[in-house]
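Asker: Would you mind keeping the following structure in view while I ask a few things?
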Amino acid sequence: MNTGFDTVIDRSNTASLKWDRYKGKDIIPLWVADTDFRAAPEIIEALGQRIDHGIFGYTVPDQELEQLVVERMRNLYQWKIKPQWLVWLPGLVTALNISVRSVAREGETVVVPVPVYYPFLMAPELGGRKSALVQWVEKDGRWQLDMETLEHAITEDTRLLLLCNPQNPNGRVLTRSELEAINQFCQKHQLVVCSDEVHCDLILDDTCQHIPYASLSDYAREHSITLMSPSKTFNLAGFGCAFAIIPNEQLRQRFNSTRKGIVPDPDNMLIGFTATKAAYGHGEPWRRSLLAYLRGNHDYLVKAINGIPGLRMKPLEATYLAWIDVSALQLDNPQTFFEQAGVGLSPGAQFGDKNYLRLNFGCSRQLLEKAVDRMAKAVAAQG
Ligand SMILES: Cc1ncc(COP(=O)(O)O)c(C=O)c1O
2 MNTGFDTVID RSNTASLKWD RYKGKDIIPL WVADTDFRAA PEIIEALGQR IDHGIFGYTV
62 PDQELEQLVV ERMRNLYQWK IKPQWLVWLP GLVTALNISV RSVAREGETV VVPVPVYYPF
122 LMAPELGGRK SALVQWVEKD GRWQLDMETL EHAITEDTRL LLLCNPQNPN GRVLTRSELE
182 AINQFCQKHQ LVVCSDEVHC DLILDDTCQH IPYASLSDYA REHSITLMSP SKTFNLAGFG
242 CAFAIIPNEQ LRQRFNSTRK GIVPDPDNML IGFTATKAAY GHGEPWRRSL LAYLRGNHDY
302 LVKAINGIPG LRMKPLEATY LAWIDVSALQ LDNPQTFFEQ AGVGLSPGAQ FGDKNYLRLN
362 FGCSRQLLEK AVDRMAKAVA AQG
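Residue 2 is where the sequence shown starts when you use the working numbering, and the numbers rise one by one after that.
As structure tokens, then:
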């Protein structure tokens, strides 16, 4: 295992969004989804070499980069894609919003399963579209999408389903049969799926496999926008480099015309392209070590959190984001309660469920243990 993940690196004075929120305060930041890990040495080296060249003009996503994505989809996810299906973007939140505006017309409806990463909740409204929210439900000990509820949420003017798989925040990886049910449902109602799969390289439960929604059937391929990026896995969020995979030409044209003149063309993504090439070309051993480290953190956390009376956490199938049920504590404001105890978490309300908190365990075990210790003490003092 690469023991580098255990190293505690001081992120103060680096303008870190995650750490600066609590600047000057003794609060451990376990909120926004970036990790405290240094990027893979191969990425840092590639960036250094590119910076040394000294000329940073407009840049294209070249053949080598696109081929790396094509090969990655084939090798990791048994999905055959073509380079011309790729659309490069400065971020996936941008892509979610473009998807909403290019698939549904103003006033039409977008279905969003909740709780979910909060930009999914905002995108329809920001674009003047309506949203129909459906709940993930706990059934047979796991989070499931209830197809009957989905069926009831559909209206005549529903055009798009915003899917997050692997799911942030409940950590589910949808199985083939679950995806097939969604595919059948979408075909029946002629829906397009925008499938945000940014966490697909972060499968913790090795009995699970990520299956791209678009790879399921001809219908899914022709009616989908798949979103991915190296930013979560390789901790490159500050570079703004993401891509959509849109096999259907008309849909891709609609997507591109919606972004035109508003979202920058990819020619200013030099640094992101350089990092992505290195990540996808040489980052696999590092990713495996990362997964081993995250699995260790995850297993520790599940045990420790479930050992605190009033807190409950289900094992995750993917992501480094724990979804913790704090309802038994009956707190007015769970986020503030734990902030006062010295731990900064994301409020579940932001994702659509105020009974929960989200905890980012993409950090050194040492820091995680310190945070959990503070949480346990705060709960004990409250009791
Ligand atoms: C599901 C999901 N989509 C998108 C993003 C953000 O992507 P970007 O930074 O590329 O906008 C995140 C970040 O946490 C996420 O969890």
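We put the CB at the ideal spot given by N, CA and C, even for glycine. Given the structure is predicted, the values throughout are model-derived calculations rather than measurements.
Between the alpha carbons of Thr36 and Thr227, how many angstroms are there, rounded?
Answerer: For the purposes of this step, residue 36 is taken as the residue at position 35 of the sequence shown. For the purposes of this step, residue 227 is taken as the residue at position 226 of the sequence shown. Approximately 24 Å between the Cα atoms of the pair.
Asker: Measuring from each Cβ to the nearest heavy atom of ligand 1, keep the ones under 6 Å and list them in chain order.
Answerer: Ala34, Gly92, Leu93, Val94, Tyr118, Cys165, Asn169, Asp197, Val199, Ser230, Ser232, Ala238, Ala243
Asker: Would you kindly work out how many angstroms separate the C-alpha atoms of Thr60 and Ile272, rounded to a whole number?
Answerer: For the purposes of this step, residue 60 is identified with residue 59 of the sequence shown, where counting begins at 1. For the purposes of this step, residue 272 is identified with residue 271 of the sequence shown, where counting begins at 1. Whole-angstrom Cα-Cα distance: 9 Å.
Asker: How is the alpha helix (DSSP H) around Trp80 delimited, first residue to last?
Answerer: Position 79 of the sequence shown, counting from 1, holds the residue named residue 80. Taken as a continuous stretch (DSSP letters only), Trp80 belongs to no alpha helix (DSSP H), as it is neither H nor E.
Asker: What residue ranges within the segment 339-372 form continuous beta strand (DSSP E) runs of no fewer than 3 residues, ordered along the chain?
Answerer: 357-361
Asker: Give the straight-line distance between the Cα atoms of Ser196 and Ala279, rounded to the nearest whole angstrom.
Answerer: Within the sequence shown, the letter at position 195 stands for residue 196. Within the sequence shown, the letter at position 278 stands for residue 279. If you take the alpha carbons of Ser196 and Ala279, they lie about 25 Å apart.
Asker: Roughly how far, in whole angstroms, is the beta-carbon of Thr110 from the beta-carbon of Asp147, given that I think they are within contact range, below 8 Å?
Answerer: Position 109 of the sequence shown holds residue 110. Position 146 of the sequence shown holds residue 147. Not a contact, Cβ separation roughly 18 Å.
Asker: Val71 to Ala379, Cα distance in whole Å?
Answerer: The residue you call residue 71 lines up with position 70 of the sequence shown. The residue you call residue 379 lines up with position 378 of the sequence shown. C-alpha separation (whole angstroms): 49 Å.
Asker: Which term fits Glu43, buried or exposed, when burial requires 16 or more other beta carbons within 10 angstroms of its beta carbon?
Answerer: Taking the first residue of the sequence shown as position 1, residue 43 is located at position 42. By the 10 Å Cβ count, Glu43 comes out buried.
Asker: Please report the distance separating the alpha-carbon of Ile325 from that of Met376.
Answerer: Position 324 of the sequence shown holds residue 325. Position 375 of the sequence shown holds residue 376. The alpha-carbon atoms of Ile325 and Met376 are separated by roughly 12 Å.
Asker: So the candidates are Ile82, Gly92, Trp80, Ala34; which of them puts its Cα closest to the Cα of Pro265?
Answerer: Within the sequence shown, residue 265 is the residue found at index 264, counting from 1. Considering only alpha carbons, the answer is Gly92.
Asker: Under 6 Å Cβ to Cβ from Ser232, same chain only, skipping five residues before and after it: list those, please.
Answerer: Mapped onto the sequence shown, residue 232 falls at position 231. Ala238, listed in sequence order.
Asker: Is it buried or exposed for Gly128, if we count other Cβ within 10 angstroms and need 16 for buried?
Answerer: Here residue 128 is taken as the residue at index 127 of the sequence shown, counted from 1. Per the 10 Å Cβ criterion, buried.
Asker: When the distance is taken between beta carbons, is Gly297 closer than 9 Å to Arg366?
Answerer: Looking up residue 366 in the sequence shown gives position 365. Looking up residue 297 in the sequence shown gives position 296. Yes, they are a contact pair.
Asker: Quick check: the segment 238-258 against the segment 93-107, are at least 3 beta-carbon pairs closer than 8 Å?
Answerer: yes
Asker: Taking 9 Å as the threshold (C-beta atoms), are His299 and Ala276 in contact?
Answerer: Here residue 276 corresponds to residue number 275 of the sequence shown, with the count starting at 1. Here residue 299 corresponds to residue number 298 of the sequence shown, with the count starting at 1. Not closer than 9 Å, so no.
Asker: Please report the Cβ distance between Leu122 and Val113, rounded to the nearest whole angstrom; I am assuming they are in contact, meaning their Cβ atoms lie under 8 Å.
Answerer: Residue 122 sits at position 121 when you count from the first residue of the sequence shown. Residue 113 sits at position 112 when you count from the first residue of the sequence shown. Confirmed, Cβ separation roughly 6 Å.
Asker: For Gly172, count neighbouring C-beta atoms within 10 Å of its own C-beta (all shown protein chains included) and say buried if the count is 16 or more, exposed if not.
Answerer: Your numbering for residue 172 matches position 171 in the sequence shown. So Gly172 counts as buried.
Asker: Helix, strand or coil for Ile306, going by three-state DSSP, please let me know.
Answerer: Along the sequence shown, read from residue 1 onward, the residue named residue 306 stands at position 305. In this structure, Ile306 counts as helix in the three-state DSSP scheme.
Asker: What do you get for Asp27, buried or exposed, if any count of 16 or more other CB atoms within 10 angstroms of its CB means buried?
Answerer: In the sequence shown, the residue the question calls residue 27 occupies position 26. Exposed.
Asker: Could you pull the DSSP bridge partners for Phe256 from this structure?
Answerer: Along the sequence shown, read from residue 1 onward, the residue named residue 256 stands at position 255. None, per the DSSP bridge assignment.
Asker: For Tyr119, which residues from the same chain have a beta carbon less than 7 Å from its beta carbon, with the 5 sequence-adjacent residues on both sides left out?
Answerer: Taking the sequence shown and counting its residues from 1, the one referred to as residue 119 is at position 118. Answer for Tyr119: Gln351, Phe352, listed in chain order.
Asker: Roughly how many whole angstroms lie between the Cα atoms of Ser328 and Ile263?
Answerer: Within the sequence shown, numbered from 1, the residue matching residue 328 stands at position 327. Within the sequence shown, numbered from 1, the residue matching residue 263 stands at position 262. So the alpha carbons of these two residues sit roughly 42 Å apart.
Asker: Which value, in whole angstroms, describes the spacing of the CA atoms of Val9 and Cys187?
Answerer: Along the sequence shown, one-based indexing puts residue 9 at 8. Along the sequence shown, one-based indexing puts residue 187 at 186. One C-alpha to the other measures close to 46 Å.
Asker: Based on DSSP bridge pairs, tell me the residues matched to Gln145.
Answerer: Start at 1 with the first residue of the sequence shown, and residue 145 comes out as number 144. Gln145 is bridged to Val138.
Asker: Could you tell me how far apart the beta carbons of Leu31 and Cys364 are, in whole angstroms, since I believe they sit closer than 8 Å?
Answerer: Locating residue 31 in the sequence shown gives position 30, counting from the first residue. Locating residue 364 in the sequence shown gives position 363, counting from the first residue. That pair is a contact at about 7 Å.
Asker: Work out the CA separation of Glu250 and Val344 for me, nearest whole Å.
Answerer: Taking the sequence shown and counting its residues from 1, one reaches residue 344 at position 343. Taking the sequence shown and counting its residues from 1, one reaches residue 250 at position 249. Distance between the alpha carbons of Val344 and Glu250: 47 Å.
Asker: Taking the alpha-carbon positions, what's the Val194 to Glu152 distance?
Answerer: Here residue 194 corresponds to residue number 193 of the sequence shown, with the count starting at 1. Here residue 152 corresponds to residue number 151 of the sequence shown, with the count starting at 1. When rounded, the separation of the alpha-carbon atoms in Val194 and Glu152 is 15 Å.
Asker: Return the residue from the list Asp354, Glu223, Ala382 that minimises the CA-CA distance to Gln254.
Answerer: For this step, residue 254 is matched to residue 253 along the sequence shown. Comparing Cα positions, the closest option is Glu223.
Asker: Could you work out which residue in Gln168, Val117, Thr150 is closest to Leu317 when comparing CA atoms only?
Answerer: Start at 1 with the first residue of the sequence shown, and residue 317 comes out as number 316. Nearest option by C-alpha distance: Gln168.
Asker: To the nearest angstrom, report how far apart Tyr214 and Cys201 are at their CA atoms.
Answerer: In the sequence shown, residue 214 corresponds to position 213, counting from 1. In the sequence shown, residue 201 corresponds to position 200, counting from 1. CA-to-CA, the gap between Tyr214 and Cys201 works out to about 11 Å.
Asker: As a quick exercise: from Lys315, Lys355, Ala342, pick the residue whose alpha carbon is nearest that of Asn334.
Answerer: Locating residue 334 in the sequence shown gives position 333, counting from the first residue. The shortest Cα separation from Asn334 among Lys315, Lys355, Ala342 belongs to Lys355.
Asker: May I ask you to report which of helix, strand or coil DSSP gives Ala16?
Answerer: Here residue 16 corresponds to residue number 15 of the sequence shown, with the count starting at 1. The three-state secondary structure of Ala16, taken from DSSP, is coil.
Asker: Are the CB atoms of Leu48 and Tyr281 within a distance shorter than 9 Å?
Answerer: Locating residue 281 in the sequence shown gives position 280, counting from the first residue. Locating residue 48 in the sequence shown gives position 47, counting from the first residue. No, the pair does not count as a contact, with Cβ atoms beyond the cut-off.
Asker: Can you tell which of Asp374, Leu302, Arg39, Arg22 has the C-alpha that lies nearest to the C-alpha of Phe6?
Answerer: Counting from one through the sequence shown, the residue named residue 6 turns up at place 5. Answer by Cα proximity: Arg39.
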